[in-house]
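Going by full-length UniProt numbering, the first residue of the sequence shown is number 1, and it counts up by one from there. Glycine residues also receive a C-beta, built at the ideal position from the N, C-alpha and C atoms. Since this is a predicted model, take the numbers as computed values, not measurements. This report concerns only the one structure given below.
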Amino acid sequence: MTTAIAFCTFASSASKSGAGGAPKGVAAYRSSLHDLLSREECSTFVKLLEEKRGIEKKPHIIRKREDSNAADQSPSGARGPVIVSTLPALSQQQALIKTLREHLIEHVCFATRNVDTIFQFGDTRLITFLPVGLFGQVICSAPNYANRLEFMTRVQKHSSAVLNALFKLDVLNDGNGFSSADFAPGILAKEETESRAKKFLEAGFPSDLTYGLSFTPRRSIQLGDVAISTHSAVKEEKNALLKFVFWMEETGKLKKKQKLKDVLRDWFPGEKPKTECEVGSLTAKDFVVLFAVAMRNIQAEKSSSAFYESYKKFEAIFLPEKKEEEYFD
């Protein structure tokens, strides 16, 4: 049975028909989403679902493609909770999507550290509604939308490629937007510049509407030649997903005229690429395929010191904070 979890930033919008002001059929309700899924508060959220609501933990498992069909026959294939989010502030919407991504990375890479994540309960799904700008950022590398949203920036395309690799993204209502009148209280669409609004309109997305999108974690993740799986026993594979996200972020910052071979030689001195192509000629999908190069080279003895130091700083963001030891006389 799927459990719905609804969040709204306006407490007054809660239906009086449910207990404590929560809408009927909703297992958990909160009037503010601020930092709800942060490390500080996630343990409380997990406790609410597990103990007070009786939702059983059935951790989401990502399998390699060759055995992913087994997921449909296993308990982990059961549907997890559904988070339904309507947020008025762009910063809140961006934070929610970023946190969802971080939860999945932590769940895959650091499961043995007992880090609380929403994916402890299965393939937790998010349904949310986004202004056209953020909606475009999320889907601009999706197969059905990449050509229509070619005008998005390289950074946005690489970020979208990461989300598309980790989650199955389903656009609601056949891609038709929702007006503010469809929500109570209403959600005001973020205004775009005239030139930007025109580009979105030409792509089929009027900027005065809000667009529904659902995120479901994938059961198998294939990044070019690299397969991702949870609880991998192979040392090199444990942080593969973390390295992938770092790789896509770093390559998203490159300039169009940079030569790919020069970049790879700078980052990985042992590599001797022969390609003469410029970064601008490659798509985000091409960099996903090229991740195999980074996968085998992002380590202290193969990367340049500056590049590896940047990776370790990125990795530290996801590592649980170490508690200071107490000493007694």
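Can you give the Cα-Cα distance for A227 and E194, rounded to whole angstroms?
Spanning the two alpha carbons is a distance of roughly 42 Å.
From G212, D170, V132, L254, pick the residue whose C-alpha is nearest to that of L201; which is it?
Of the listed residues, the one whose Cα sits closest to L201 is V132.
Look at the alpha carbon of S68 and the alpha carbon of K274, and state the distance between them as a whole number of angstroms.
Since pLDDT at S68 reaches only 49, below the 50 mark, its modelled position is unreliable, and the value read off the structure follows with that caveat. Cα to Cα, the separation comes out at about 36 Å.
Confirm, please, whether the CB-CB distance from V263 to G224 is below 9 Å.
Contact flag unset, no.
Would you give the residue range spanned by the alpha helix (DSSP H) that T230 belongs to?
Per DSSP, T230 belongs to no alpha helix (DSSP H) and is neither H nor E.
Comparing C-alpha positions only, which one of I97, K256, E278, A294 sits nearest to L213?
Among I97, K256, E278, A294, the Cα nearest to that of L213 is on I97.
Could you check where the beta strand (DSSP E) with T86 kicks off and where it finishes?
Run containing T86: 82-86, per the beta strand (DSSP E) assignment.
Taking the beta carbon of C277 as the centre, do at least 16 other beta carbons fall within 10 Å, making it buried, or is it exposed?
Its Cβ having fewer than 16 others within 10 Å, C277 is exposed.
Per DSSP, what are the beta-bridge partners of F178 in this structure?
The partner list for F178 (beta bridge, DSSP) reads T210.
Sort out for me which residues DSSP pairs P131 with in a bridge.
P131 is bridged to T210.
Candidates T251, K256, F110: which alpha carbon is nearest A294's?
The option with the nearest alpha carbon to A294 is T251.
When the distance is taken between beta carbons, is V162 closer than 9 Å to V245?
Taking 9 Å as the Cβ cut-off, V245 and V162 qualify as a contacting pair.
At the level of alpha carbons, what is the spacing between I127 and F151?
Each residue's Cα considered, the two are about 26 Å apart.
Report yes or no: do the segment 296-310 and the segment 162-177 share at least 3 C-beta pairs separated by less than 8 Å?
No, because fewer than three Cβ pairs between the segment 296-310 and the segment 162-177 fall closer than 8 Å, the two stretches do not touch.
Where do the ends of the beta strand (DSSP E) carrying Q93 lie?
Q93 -> not in any beta strand (DSSP E); alpha helix (DSSP H) instead, spanning 90-109.
Tell me which residues share the same chain as I62 and place their Cβ nearer than 8 Å to its Cβ, disregarding the 5 neighbours each side in the sequence.
Contacts found: V108, P217, R218, R219, S220, I221, I228, S229, T230.
How long is the line joining the alpha carbons of I171 and P81, rounded to whole angstroms?
Checking the sequence shown, residue 171 turns out to be Val, not Ile. Approximately 19 Å between the Cα atoms of the pair.
Expressed to the nearest angstrom, what Euclidean distance is found between the alpha-carbon atoms of S180 and K168?
Their backbone Cα atoms lie some 26 Å apart in a straight line.
Confirm, please, whether the CB-CB distance from E249 to S141 is below 9 Å.
No; because the gap between Cβ atoms is not below 9 Å, this pair is not in contact.
Among all the DSSP beta bridges, which residues are the ones paired with E278?
DSSP, once it has assigned bridges, lists K259 as partnering E278.
Just list the residues that DSSP pairs I221 with in beta bridges.
Paired residues: I228.
Pull up the distance between the alpha-carbon of N147 and that of S85, whole angstroms please.
The alpha-carbon atoms of N147 and S85 are separated by roughly 28 Å.
How is V155 classed by DSSP in three states: helix, strand or coil?
Reduced to three states, the DSSP call for V155 is helix.
Determine the direct distance from the alpha carbon of L104 to that of E315, and round the result to whole angstroms.
The straight-line gap from Cα to Cα measures roughly 14 Å.
Where does N164 land, buried or exposed, given buried means 16+ other C-beta within 10 angstroms?
That one is buried.
Pick out whichever of L130, P143, I83 has its Cα sitting closest to the Cα of G122.
The candidate whose alpha carbon is nearest that of G122 is I83.
Express the C-alpha separation of K198 and G204 in angstroms, rounding to a whole number.
So the two alpha carbons sit approximately 10 Å from each other.
Ordered along the chain, which non-local residues of its own chain (more than five positions away) have a Cβ less than 6 Å from that of F135?
If we look at F135 and ignore the five residues flanking it on each side, its Cβ neighbours are Y211.
Run through DSSP, which three-state label would V171 get?
Residue state, collapsed to three classes: strand.
Look at F268 and S310 and say whether their C-beta atoms are less than 9 Å apart.
Their beta carbons are not under 9 Å apart, which means F268 does not touch S310 by this criterion.
Using the Cα positions of A306 and D266, report the straight-line distance between them to the nearest angstrom.
Distance between the alpha carbons of A306 and D266 is about 10 Å.
Does DSSP put L264 in a helix, in a strand, or in coil?
Helix.
Give the secondary structure of F205 by DSSP, where H, G and I count as helix, E and B as strand, and everything else as coil.
Coil, per DSSP.
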